[in-house]
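Student: Pasting in a structure now, in structure tokens, and then I'll have a few things to ask.
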Amino acid sequence: MAYICPYCGNREQGSLYCSRCLRKIEWVQEIDHKSSFYYNKGYEAALTRNLTLAIKYLNKALVLNKYHIEARNLL
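Per UniProt numbering, the very first residue in the sequence shown carries number 1; after that it's consecutive.
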């Protein structure tokens, strides 16, 4: 998955460091993985009709990544 360096705006493909500014961007990847984790938990809760828990997980996914379109649409 491609990540955008928050420091210089360079598009990086699966690397832990930005190739332009040489800064560590691993934390960006971790936040994206956590957001996807909370989306998946919210999706599973929605399938089992546990809507209160689904809303909680989907909101957490959106706090971590406000551009997570699937979480926003499911909410």
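Ideal Cβ positions, reconstructed from N, Cα and C, are used throughout, including at glycine.
1) Going by Cα to Cα distance, which pick from Q13, L75, E44 is closest to I55?
2) From the DSSP output, in three-state form, read off R11 for me.
3) Need the endpoints of the alpha helix (DSSP H) that I55 sits in, please.
4) Measuring alpha carbon to alpha carbon, tell me which of E26, Y7, L62, Q29 ends up nearest K41.
Tutor: This is what the structure holds:
1) As a working mapping, residue 55 is identified with position 55 in the sequence shown. Closest by alpha carbon: L75.
2) Along the sequence shown, one-based indexing puts residue 11 at 11. Strand.
3) On the sequence shown, position 55 is the one that residue 55 refers to. Where I55 is concerned, the enclosing alpha helix (DSSP H) stretches over 51-64.
4) Reading the sequence shown from its first residue, position 41 is the one you call residue 41. Checked all of E26, Y7, L62, Q29; the closest Cα to K41 is L62.
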